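Trainee: Residue numbers (my numbering): 5 to 536.
Ideal placement from N, C-alpha and C gives every residue a C-beta, glycine not left out.
None of the values given here were measured: they were computed from a predicted structure.
Structure follows, in structure tokens:
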């Protein structure tokens, strides 16, 4: 539930900037995490939207659930000249406790205790003196000689190099560990990523670097490996003999929402496909790793990405919604796509001739992200003509409502022989009624893992190198002067019909055209939606 923040402001302001805790949270001390080392969490770019809307709420939730070290400090660093009090008030506007988990009084109490640990230092990202000031302030908070520091870079790519350099030279922990969480974008092509990688490697070892993709931290995405490798009934079918196509769909019914300037320099392919959706595909199709340690998982994901056939411009359909060019920060002649669809092919023994349809778009008809595994019809074909079915499917819904469902064909009760597609459904909020009220936000899980040094949900360098190698040639083609411009679609429309032709072409090349169903029927069928 949302907290009545105004009621807390008087008590928050009384806390001042005294680094020593004025209230002892005995409950927290009794239930503190097993990590006893003191940790200072530094948010670089703390006055920006990412910090206010994602990072600080995630930290508060972790604090509320007693999973942060007891000796834990939060220091924001940004260019705005803010006091501790004003920074706390700004952060407080986005803090809340999950509905159904806690009463308001308890949440209010915990919020006050949390905000005592929050401080702010103003400075410039390119100033060594300001980072030295940050270092000295952190030292004034820390009580243990081996206190560790975790830096979260919530800053634009243009200042990555300055921030990394000054953290290394002026602000690292003197005797404890130092780690750095870096947000995307990780470059915009192979060359820019290589430059970023060289900058990171110049100042930090790979085991200190945590590249975050929040999509990987989502509960349902984490469950993909369990669904596959923990259930033999699925893993035995997880190959080209039984699966005819994989769809990965990301739809938003809103536009750039104040990010038009940033978005126009990257586009939907870089913003969504090259990172979020490719990571989902890697988890979905990689081979079983030697172990579920971070290094082994990353090795299999990298191997999978490297096995995807080189992408070309002809593998894509791109679009731009009407009105995009009138948004602030977008040039009148912009050809940046707000929609893209592509078909990928994984050239290995498990997935050869199984096309992967990947779709991402803004300004569409609904907010939806899901994976669909479409099985071959084979010997069931004689049954399917009696019913209106696209065949067996596993649907993994990422948002808005987490769920996993299996679509099967069943006889309708009665004297007739009518068949109907039915759904075996695992909806998180229903099956896990209590636990679903407390599903952690992706940022909570990822930040906690970084504190504990667990990297399995973070993106390794070799994965990014492989992903940019895959997408860069097609991006260069699509952005060349000779490339066809993106098609135009109305804001609020469904998936453009041109996607159907693209998919038919690739399914025919794979020899799947006999079994193929028109994709737009699958994406828009009201019967299909109702069965969910």
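Helix, strand or coil, according to DSSP, for residue 378 in the structure here?
Mentor: strand
Trainee: Using three-state DSSP, classify residue 415 as helix, strand or coil.
Mentor: strand
Trainee: Could you name the residues of the same chain whose beta carbon sits closer than 8 Å to that of residue 183, not counting the 5 residues immediately before and after it, in chain order?
Mentor: 152, 153, 154, 155, 212, 213, 214, 454 and 457
Trainee: Are residue 365 and residue 265 close, meaning C-beta to C-beta below 8 Å?
Mentor: no
Trainee: Below 8 Å, can you find three or more Cβ-Cβ pairs linking the region 504-511 to the region 222-239?
Mentor: no
Trainee: Verify the CB distance criterion: does residue 339 have a CB-CB separation below 8 Å to chain C?
Mentor: Reference to chain C is not applicable here, since this structure consists of a single protein chain.
Trainee: Is the number of C-beta pairs between the region 67-74 and the region 86-95 that are closer than 8 Å three or more?
Mentor: no
Trainee: Tell me which same chain residues have a C-beta within less than 8 Å of the C-beta of residue 22, skipping the five on either side of it?
Mentor: With a pLDDT of only 39 at residue 22, under the threshold of 50, the placement of this residue in the model should not be trusted, and no figure is reported.
Trainee: Over what stretch of residues does the beta strand (DSSP E) that includes residue 425 continue unbroken?
Mentor: 423-431
Trainee: Quick one: residues in its chain with C-beta nearer than 8 Å to the C-beta of residue 430, no 5 flanking neighbours on either side, listed in chain order?
Mentor: 407, 408 and 409
Trainee: Could you tell me how far apart the beta carbons of residue 347 and residue 319 are, in whole angstroms, since I believe they sit closer than 8 Å?
Mentor: 6 Å
Trainee: To the nearest angstrom, how far is the alpha carbon of residue 402 from that of residue 308?
Mentor: 22 Å
Trainee: Tell me, to the nearest whole angstrom, how far the beta carbon of residue 197 is from that of residue 468; I am working on the premise that it is less than 8 Å.
Mentor: 6 Å
Trainee: Figure out for me which residue from 445, 496 and 473 has the closest Cα to the Cα of residue 224.
Mentor: 445
Trainee: Suppose the cutoff is 7 Å on Cβ atoms and the five residues either side in sequence are ignored; what does the same chain contact list for residue 301 look like?
Mentor: 293 and 460
Trainee: With C-beta atoms as the reference, is residue 166 less than 8 Å away from residue 130?
Mentor: yes
Trainee: Taking 8 Å as the threshold (C-beta atoms), are residue 135 and residue 174 in contact?
Mentor: yes
Trainee: Return the residue from the list 326, 185, 191 and 336 that minimises the CA-CA distance to residue 162.
Mentor: 191
Trainee: By the 10 Å Cβ neighbour count, where 16 or more other Cβ atoms means buried, how is residue 341 classified, buried or exposed?
Mentor: buried
Trainee: Where do the ends of the beta strand (DSSP E) carrying residue 255 lie?
Mentor: Note, residue 255: beta strand (DSSP E), 247-255.
Trainee: Using a 10 Å radius around the Cβ and a threshold of 16 neighbouring Cβ atoms, would you call residue 202 buried or exposed?
Mentor: exposed
Trainee: Tell me the rounded alpha-carbon separation between residue 324 and residue 473.
Mentor: The alpha-carbon separation between residue 324 and residue 473 amounts to approximately 25 Å.
Trainee: Residues in the same chain with beta-carbon distance under 7 Å from residue 374, minus the five sequence neighbours each way, listed in chain order, please.
Mentor: 253, 399, 400, 401 and 402
Trainee: Whole angstroms is fine: what's the gap from residue 496's alpha carbon to residue 328's?
Mentor: Rounded to whole angstroms, the gap between the alpha carbons of residue 496 and residue 328 is 13 Å.
Trainee: Could you give the first and the last residue of the continuous beta strand (DSSP E) run that contains residue 323?
Mentor: DSSP places residue 323 in the uninterrupted beta strand (DSSP E) bounded by 320-325.
Trainee: Considering just the uninterrupted stretch of the alpha helix (DSSP H) at residue 157, what are its terminal residues?
Mentor: Here residue 157 belongs to no alpha helix (DSSP H); instead the beta strand (DSSP E) covers 152-157.
Trainee: Which same chain residues end up closer than 6 Å to residue 316 when comparing Cβ atoms and leaving out the 5 residues on each side of it in sequence?
Mentor: 478
Trainee: Should residue 312 and residue 350 be called a contact, given that it needs their Cβ atoms to be closer than 8 Å?
Mentor: yes
Trainee: To the nearest angstrom, how far is the alpha carbon of residue 143 from that of residue 125?
Mentor: In a straight line, the C-alpha of residue 143 is about 13 Å away from that of residue 125.
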